[in-house]
Amino acid sequence: MLDDDDVEAFERHLDGCAQCQSELLESHDVPGMLDAVKADSVSPERTRP
Ligand SMILES: [Zn+2]
Numbered sequence: 104m105l106d107d108d109d110v111e112a113f114e115r116h117l118d119g120c121a122q123c124q125s126e127l128l129e130s131h132d133v134p135g136m137l138d139a140v141k142a143d144s145v146s147p148e149r150t151r152p
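Mapped onto the numbering used here, the consecutive letters of the sequence shown carry residue numbers 104 to 152.
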């Protein structure tokens, strides 16, 4: 199954990504979406204070 870290990172990304939100609703393919998010997050972004 999925790592807690993976799920947390995914949910954080999903929260601000309309594209992933719509794709997730269409596909329900969470593991696949996680892979996409990882590929999408090559450059580290820290939006937390
Ligand atoms: Zn996204």
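Glycine is no exception: its CB is placed at the ideal position from the N, C-alpha and C atoms.
Judged by DSSP in its simplified three-state form, Gly135 adopts helix. In the three-state reduction of the DSSP assignment, Leu117 falls in the helix class. For Asp106, the three-state secondary structure derived from DSSP is coil. With a cut-off of 8 angstroms, the C-beta of Ala112 is classified as distant from ligand 1, since no heavy atom of the ligand falls inside that distance.
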